[in-house]
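Notes follow the structure.
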Amino acid sequence: MKKLLSICLLFLALTACKEQEDALFESPDYLVFGHYYGFCGGENCVEIFKIENMTLFEDTRDRYPGGKPYEGDFVPKSAALYEQVKDLPHQVPARLMSEERSIIGSPDAADGGGIYLEVGKGGMVRYFFIDKTRHNVPEYLHPFLDEVEAAIAALK
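Numbered per mature numbering (1 follows the signal peptide of the UniProt record, and there is no 0), the sequence shown spans residues -18 to -1, 1 to 138.
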């Protein structure tokens, strides 16, 4: 009986942890997302977008992100493009908001590129520079980063 109880408790603990890891950040006010490459030429080296108030914006400055929140010149894009990426802000892992560092992995090291994310909600702003090389990034982020990269590809 004790063995059965122990197994049940272990199962409950493991499934509860999985739910915690998969929890999503609730309804951010806005999401800025994009990628950047340092040793690169052309328009596709820096692609930064913003979703806010049911509108998609694209940055026209195309500047390499520094160590602070990205300051872009955002212009609205079509409603059709917004429809393609409208769910992205609701896919942000809640666990990301608990990260102590804003640099995750070694973004753009060895010309591998980086992903920029900025999440705002209720006056709180968190921004992140994330390595594009998956083995340098916590596993819980992989599915979301795949979605971010798919969104960027769809918007090109």
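Glycine included, C-beta positions come from ideal geometry on N, C-alpha and C.
Annotated three-state conformation of D69 is coil, per DSSP. Per DSSP, the continuous alpha helix (DSSP H) segment holding F126 begins and ends at 124 to 137. With a threshold of 16 other beta carbon atoms within 10 Å, E8 falls short and is exposed. Residue state for E29 is assigned as strand, using DSSP reduced to three classes. Here E29 is buried. Its C-beta has 16 or more other C-beta atoms within 10 Å. Residues of the same chain with a CB within less than 7 Å of the CB of L63, apart from the 5 flanking positions on each side, are L38, L137 in chain order. If one requires a minimum length of 4 residues, the alpha helix (DSSP H) runs lying completely within the segment 33 to 121 are 61 to 67, in chain order.
For F15, the enclosing beta strand (DSSP E) begins and ends at 12 to 18. In this structure, G102 lies away from K114, with their beta-carbon atoms at least 8 Å apart. Contact check for G20 against Y46 passes: the beta carbons are separated by less than 8 Å. Contact between V130 and I86 does not hold, since their C-beta atoms are separated by about 13 Å, which reaches or exceeds 8 Å.
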